[in-house]
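S.K.:
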Amino acid sequence: MEKQVVVVTGGAGYIGSHTVVALHLAGYTPVIIDNFSNSKPDVLKGIAEIIGEKPQLFELDCRSKSDMQQALENCAAIGEIAGIIHFAAYKAVGESTEKPLDYFENNIGSTASLLGAMSELGVSNLVFSSSCTVYGQPEESPVDELAPILPAESPYGYTKQACERLITDSFNSSMSLSACLLRYFNPIGAHQSAAIGELPIGHPNNLIPYLTQATAGLRGPLTVFGNDYPTDDGTCIRDYIHVMDLARAHVAAIKWLQSNEPSCEAFNLGTGQGKSVSEVIAAFEKANGISVPYAFGPRRAGDVVSIFANAEKAHQNLGWKCELSLEEALRDAWKWQQKLSKA
Ligand code: UFG
Numbered sequence: 018m019e020k021q022v023v024v025v026t027g028g029a030g031y032i033g034s035h036t037v038v039a040l041h042l043a044g045y046t047p048v049i050i051d052n053f054s055n056s057k058p059d060v061l062k063g064i065a066e067i068i069g070e071k072p073q074l075f076e077l078d079c080r081s082k083s084d085m086q087q088a089l090e091n092c093a094a095i096g097e098i099a100g101i102i103h104f105a106a107y108k109a110v111g112e113s114t115e116k117p118l119d120y121f122e123n124n125i126g127s128t129a130s131l132l133g134a135m136s137e138l139g140v141s142n143l144v145f146s147s148s149c150t151v152y153g154q155p156e157e158s159p160v161d162e163l164a165p166i167l168p169a170e171s172p173y174g175y176t177k178q179a180c181e182r183l184i185t186d187s188f189n190s191s192m193s194l195s196a197c198l199l200r201y202f203n204p205i206g207a208h209q210s211a212a213i214g215e216l217p218i219g220h221p222n223n224l225i226p227y228l229t230q231a232t233a234g235l236r237g238p239l240t241v242f243g244n245d246y247p248t249d250d251g252t253c254i255r256d257y258i259h260v261m262d263l264a265r266a267h268v269a270a271i272k273w274l275q276s277n278e279p280s281c282e283a284f285n286l287g288t289g290q291g292k293s294v295s296e297v298i299a300a301f302e303k304a305n306g307i308s309v310p311y312a313f314g315p316r317r318a319g320d321v322v323s324i325f326a327n328a329e330k331a332h333q334n335l336g337w338k339c340e341l342s343l344e345e346a347l348r349d350a351w352k353w354q355q356k357l358s359k360a
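Using this note's numbering, read the sequence shown as starting at 18 and increasing by one per residue.
This is the structure:
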């Protein structure tokens, strides 16, 4: 049988690399397109440790439509392109407020080039890496996909909204396209083997990489951004999802696109459980038998008080739901940090 290729832009990144593993396990042939702008080629070795072979890679900048077109032609020579998963994007909320032009150019530009290349080659199935950031400050949680798209809190958030719009408009045009817009909540953890995980370059902005680095003694104590929010313990609430559960959702989305009439649908990907920052710290300490050095500090600008998912639509349509617990995610995150600390 001809190989079923899934093209993964940004496949050397955090969620991309875990998705490459999940695709391989599901019988697909993942092919990575990445320019290592926020990842390292060593990730491929980590993937190979798990799946037994290095995935094929095309190193290029997704903003170039002609390079993308050439890469897709090369992918089509490997096997039938079952779909494309588009992760490649800049993703630091704070940085996006300092460099909005870079974010607009890279995130929206690469999505436009990809859609153009797909159209030229007649590739129809697209899974887009979006974020719950498209909901802005929601009035209440859990949020479902019908919640209004509120003004973005950052240029990064705006690029996710704009790309969703671009894909939706392309679907509504004469272009032959079928798309899943996957809105992630807070992905954490690492592959259970600790062969791959999150590799923040420089100062980590997100909670778990900072927490694990602080616990490993590589950074000063974690600052909990605000303990005077209107929540039970005063800290912000999020929906933390194990990255391998998230990775499996991408496989489910590709299968769904392959077996359904063309459509363009958004799906929330989360556990449905809101956890406060203080609860996450306590769960990490319990799961790993180690104490986290931390102190309460001022609020961080732009933080949403509370957001967690109603992921029922993904469950109903994609047949997907989370299987791994917060404790497992926190154990895997710590295992990965310990491996990095030893390296
Ligand atoms: N936090 C701390 N200290 C830190 C880092 C984070 O207390 O050093 C807190 C934040 O205030 C927040 C929670 O931990 O309450 C989670 O923060 P993250 O930065 O890990 O994640 P966010 O929810 O802010 O951001 C995530 C994604 C973004 C996405 C956003 C949408 O990282 O890409 O969700 O809400 F845009």
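A virtual CB, placed ideally from N, CA and C, is assigned to each residue, including glycine. Since this is a predicted model, take the numbers as computed values, not measurements.
With respect to the beta strand (DSSP E) encompassing S146, which residues constitute its N-terminal and C-terminal limits?
M.R.: Taken as a continuous stretch (DSSP letters only), the beta strand (DSSP E) holding S146 covers 142 to 148.
S.K.: Closer than 6 Å by C-beta to I264: which residues in its own chain qualify, once you throw out the five before and the five after it? Chain order, please.
M.R.: Before going further, note that residue 264 is Ala rather than Ile in the sequence given. Excluding residues within five positions, the ones whose Cβ falls inside 6 Å are H35, T36, A39.
S.K.: Under DSSP, the alpha helix (DSSP H) around C197 begins and ends at which residues?
M.R.: Premise fails: C197 lies in the beta strand (DSSP E), 195 to 201, not in any alpha helix (DSSP H).
S.K.: Would you please state the rounded distance, in angstroms, between the beta carbons of A99 and V23? I believe it to be under 8 Å.
M.R.: Confirmed, about 5 Å.
S.K.: State the DSSP-derived secondary structure class of H208, mapped to helix, strand or coil.
M.R.: If DSSP states are grouped into helix, strand and coil, H208 belongs with coil.
S.K.: Would you list the one or two residues that DSSP bridges to P47?
M.R.: Paired residue(s): V23.
S.K.: Quick one, which of L286, S308, A300, A266 has its alpha-carbon nearest T150's?
M.R.: It is L286 whose Cα lies nearest to the Cα of T150.
S.K.: For N142, which residues from the same chain have a beta carbon less than 6 Å from its beta carbon, with the 5 sequence-adjacent residues on both sides left out?
M.R.: Contacts found: G100, S195, L274.
S.K.: Name the two residues that bound the continuous alpha helix (DSSP H) containing L335.
M.R.: Segment 329 to 335, the alpha helix (DSSP H) holding L335.
S.K.: Give me the residue from E156, S147, P155, F188 with the minimum Cα distance to Y173.
M.R.: When each option's Cα is compared against that of Y173, the closest is S147.
S.K.: May I have the straight-line CA-CA distance separating F104 from K177, to the nearest angstrom?
M.R.: Spanning the two alpha carbons is a distance of roughly 11 Å.
S.K.: Please list, in chain order, all residues of the same chain as S56 whose beta carbon is under 7 Å from its beta carbon, the five residues on each side excluded.
M.R.: Around S56: A29, G30, L216.
S.K.: Among all the DSSP beta bridges, which residues are the ones paired with F284?
M.R.: Answer is L199, bridged to F284.
S.K.: Please indicate yes or no: does the CB of V260 lie closer than 7 Å to some heavy atom of the ligand UFG?
M.R.: Checking the Cβ of V260 against the ligand UFG gives no.
S.K.: How many angstroms separate the CA atom of C12 from the CA atom of A304?
M.R.: This structure cannot speak to residue 12, because the chain is shown only from 18 to 360.
S.K.: Please tell me whether, using a cut-off of 7 Å, the distance from the CB of L216 to the nearest non-hydrogen atom of the ligand UFG is below it.
M.R.: No, Cβ of L216 sits at least 7 Å from all heavy atoms of the ligand UFG.
S.K.: What residue ranges within the segment 64 to 142 form continuous beta strand (DSSP E) runs of no fewer than 3 residues, ordered along the chain?
M.R.: For the segment 64 to 142, whole beta strand (DSSP E) runs of length 3 or above, ordered along the chain, are 73 to 76, 97 to 103.
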